[in-house]
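According to this note's numbering, the sequence shown is numbered sequentially starting from 126. Reviewing the structure listed below.
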Amino acid sequence: MNLPPAYVLMCYFRPNISRPNLVTALSTYVEKTVKHGGIVRQIRNNGIGPTPQKIKGRFAQERFEDAQIVTMEFFSTGEAVQNISKELRADTRLLKHHLIRADDALLPRVTSISKKELNL
């Protein structure tokens, strides 16, 4: 079974987000990815770190220089990624997100995967 292209989703959450809210948000993203036919490879919490630029919050006075940064690596089709991106833009828990197609430099090459490895 050949895999669709690999993508990396980088999410920036408020630095003071509670752990239950973070887990709920990430489980929602995983469910949406799987619902659209994707396979989640890895989720990594990079902790609180500086953002590339100041991020505006939902209110006019909010500016964030630090954020809770989480990355998710997954395989999915281009059409499904567009749907996931639309749903991410509507999520109020998220300050900002970057969704990029990964190449061989970002992820190790996986050409195929068997049903046995997927536990189907």
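Every residue gets a Cβ at the ideal spot worked out from N, C-alpha and C, and that includes glycine.
Taking 7 Å as the limit between beta carbons, can you name the residues of its chain near residue i, skipping five residues before and five after?
{"i": "Lys181", "result": "Glu187, Arg188"}
{"i": "Thr202", "result": "Pro129, Gly162"}
{"i": "Pro175", "result": "Glu190, Asp191"}
Would you kindly check if the distance between the Cβ of residue j and the Cβ of residue i is under 7 Å?
{"i": "Pro129", "j": "Phe199", "result": "no"}
{"i": "Thr149", "j": "Arg169", "result": "no"}
{"i": "Ala131", "j": "Ala227", "result": "yes"}
{"i": "Gln193", "j": "Ile142", "result": "yes"}
Which first and last residues belong to the alpha helix (DSSP H) in which residue i is found?
{"i": "Arg214", "result": "203 to 214"}
{"i": "Glu190", "result": "No alpha helix (DSSP H) holds Glu190; the beta strand (DSSP E) holding it covers 188 to 200."}
{"i": "Leu151", "result": "144 to 160"}
Buried or exposed for residue i, please, with buried defined as at least 16 other CB atoms from any protein chain shown within 10 angstroms of its CB.
{"i": "Thr205", "result": "According to the sequence as given, residue 205 is Ala; it is not Thr. Buried."}
{"i": "Gly163", "result": "buried"}
{"i": "Thr158", "result": "buried"}
{"i": "Arg144", "result": "exposed"}
Considering only residues of the same chain and omitting the five flanking positions on each side of residue i, which have a CB-CB separation below 8 Å?
{"i": "Tyr154", "result": "Leu134, Cys136, Met197, Ile209, Leu213"}
{"i": "Leu219", "result": "Cys136, Tyr137, Phe138, Ala150, Leu213"}
With a threshold of 7 Å between beta-carbons, can residue i be considered close to chain C, or not?
{"i": "Asn171", "result": "No chain C is present in this structure, which holds just one protein chain."}
Whole angstroms are fine: how far does the CA of residue j sit from the CA of residue i?
{"i": "Asn146", "j": "Pro177", "result": "23 Å"}
{"i": "Pro173", "j": "Pro140", "result": "According to the sequence shown, residue 173 is Ile rather than Pro. Each residue's Cα considered, the two are about 6 Å apart."}
{"i": "Lys160", "j": "Lys179", "result": "33 Å"}
{"i": "Glu156", "j": "Asn171", "result": "21 Å"}
{"i": "His222", "j": "Lys211", "result": "11 Å"}
How far does the beta strand (DSSP E) with residue i in it reach, from first residue to last?
{"i": "Pro177", "result": "164 to 181"}
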